[in-house]
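There are 2 protein chains.
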Amino acid sequence: MSTSTEPPRRADAVRNRRLALDAATALLTEPGVSLTVEAIAKKAGLGAATVVRAFGGKDALLDAAVSRLLEPVVQHARDLLAETTPTQALRIFLRELIAFQAAHYAINDQLGGLDLPATTALRTDLVRAVEEMIDGARRDGAVRTDIDPAIITTLIGQTALAVARTQPPSQELTDAYLTVLLDGLRP
Amino acid sequence: MSTSTEPPRRADAVRNRRLALDAATALLTEPGVSLTVEAIAKKAGLGAATVVRAFGGKDALLDAAVSRLLEPVVQHARDLLAETTPTQALRIFLRELIAFQAAHYAINDQLGGLDLPATTALRTDLVRAVEEMIDGARRDGAVRTDIDPAIITTLIGQTALAVARTQPPSQELTDAYLTVLLDGLRP
DNA sequence: ACGATAACTGAAATGGACGTTCCAGTTGAT
DNA sequence: ATCAACTGGAACGTCCATTTCAGTTATCGT
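For the protein sequence lines, the chains are A and B, in the order given. Reminder that position 106 of the first sequence reads as 105 in numbering that gives the first Met the number 0, one-by-one numbering, no gaps. Reminder that position 112 of the second sequence reads as 111 in numbering that gives the first Met the number 0, one-by-one numbering, no gaps.
1) Taking all protein chains shown into account, do 16 or more other C-beta atoms lie within 10 angstroms of the C-beta of B:Q100, making it buried, or fewer, making it exposed?
2) Mind checking whether B:A161 and A:T165 have CB atoms under 7 Å apart?
3) Quick one: complete alpha helix (DSSP H) runs, 4+ long, within the segment 89-130 of chain B?
4) So what's B:S66 in DSSP terms, helix, strand or just coil?
5) If you drop the 5 nearest sequence neighbours on each side, which residues of the same chain put their C-beta closer than 6 Å to that of A:T2?
6) Cβ closer than 8 Å: which chain B residues qualify as neighbours of A:V51?
7) Comparing the C-beta of B:V179 with each C-beta of chain A, is any distance below 7 Å?
8) Report all residues from its chain with a CB closer than 6 Å to the CB of A:Y104; omit the five preceding and five following residues, and keep chain order.
9) Would you mind working out which of A:P186, A:L96, A:A136 and A:D145 sits nearest A:T173, comparing C-alpha positions?
10) Where does the unbroken alpha helix (DSSP H) through B:D11 begin, and where does it stop?
11) What are the residues of the segment 155-177 of chain B that lie near chain A, defined by any Cβ-Cβ distance shorter than 7 Å?
12) Beta-carbon separation of A:V51 and A:V65 under 7 Å?
13) What are the residues in the segment 140-152 of chain A lying within 9 Å of chain B by C-beta distance?
14) Does any residue of chain A bring its CB to less than 7 Å from the CB of B:L26?
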């Protein structure tokens, strides 16, 4: 239904939309840059107006860029749930989550006040997947049952974010986080 | 030497300086406010120019305000080290640290890009105190020795910050944090 | 007391950063 | 060849911290 009413889009518009998205995505992985429309436009080799128009606004552009980064992470969480035991999945995924947060520091640093509906939805999916891992790990007797799984999920997510926040995120700190947290989560 | 070359300050200037500092301190405990000079001035019943001039700039004003909040926390950490066992001190202080971060959320939320030398110095003192607690707790056999104390300190601090970040910071999450972390830190 | 004067105040002006919109010129599609 | 879609430099609006400056006030010598 949506495509029928849409007027046809010109080839250069489609190309520039992709360039803008690529540039925004690339900037999300670079630490220390201020995520301005100007910076994205410069990276894309476009004018600022074109970048903004391609998605209808800065928020929508960044929402698309973050979503594109987050999607494979969510997918991997689901794959892990299907492929291995919840306990293993939890261990593997936590490490990946920290790596992701660390690699895309700007997501949690400069996007606080923006409205990112698609990103929020993906985050919900991700939380759901982690909760499933914890539920399974509890059934396997690998995770303590005296704490609400939702609370554990929040604790895990926030802590992963916090560890990734330290610049630069050292391997040593990541290991310590995983060791302490997983030991502390045992029954 | 500093007081001898200083010209005498007028009584109203001293009073307004205190009003500005009080207003800034009060705003640091209120969530959701944008920490603008205008907002501080309104709270203090002063003009924006007066607020800025009282400390020579917004950064210096907020540095003073945050330092005033942080000082008793650092002092309490030192008192705990002197009064009780390191293990007890660690447990008590961690809860207090979360409470402080939660109560003054704006400190970690909106002050990222500012230059706050006094605050940074106090933070260093605080880190040192926590490291002493961990060192002592390790000697008492209450904390694992296979992880660098500095790493543990970072982990603790970042996690406390992360727990406080969740809005609103629930007692349940705080308890879970303390339980999991302290269990995970045991040898 | 009182007036001289330097310190101080705050509304308004300034300047910079940023997202968004305008519009004259350009380009892809038919 | 035509023309609507598209582009991007420039203009605009908003939000800040900071500075200016005309008016006010505390301070001090008399």
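Glycine included, each C-beta is placed from N, C-alpha and C at the ideal position. Remember, predicted model here, so these are calculated numbers, not experimental data.
Taking the geometry as given:
1) buried
2) no
3) 104-108
4) helix
5) In this predicted model, A:T2 has a pLDDT of only 49, less than 50, meaning its place in the structure is not dependable; the value taken from the coordinates is given anyway. The answer is none, since no qualifying residue turns up.
6) Correct list: empty, because the minimum Cβ distance to chain B is about 24 Å.
7) yes
8) P30
9) A:L96
10) A10 to L27
11) Q157, T158, L160, A161, V162, R164, T165, E171, L172, A175 and Y176
12) no
13) R143, D145, I146, D147, I150 and I151
14) no
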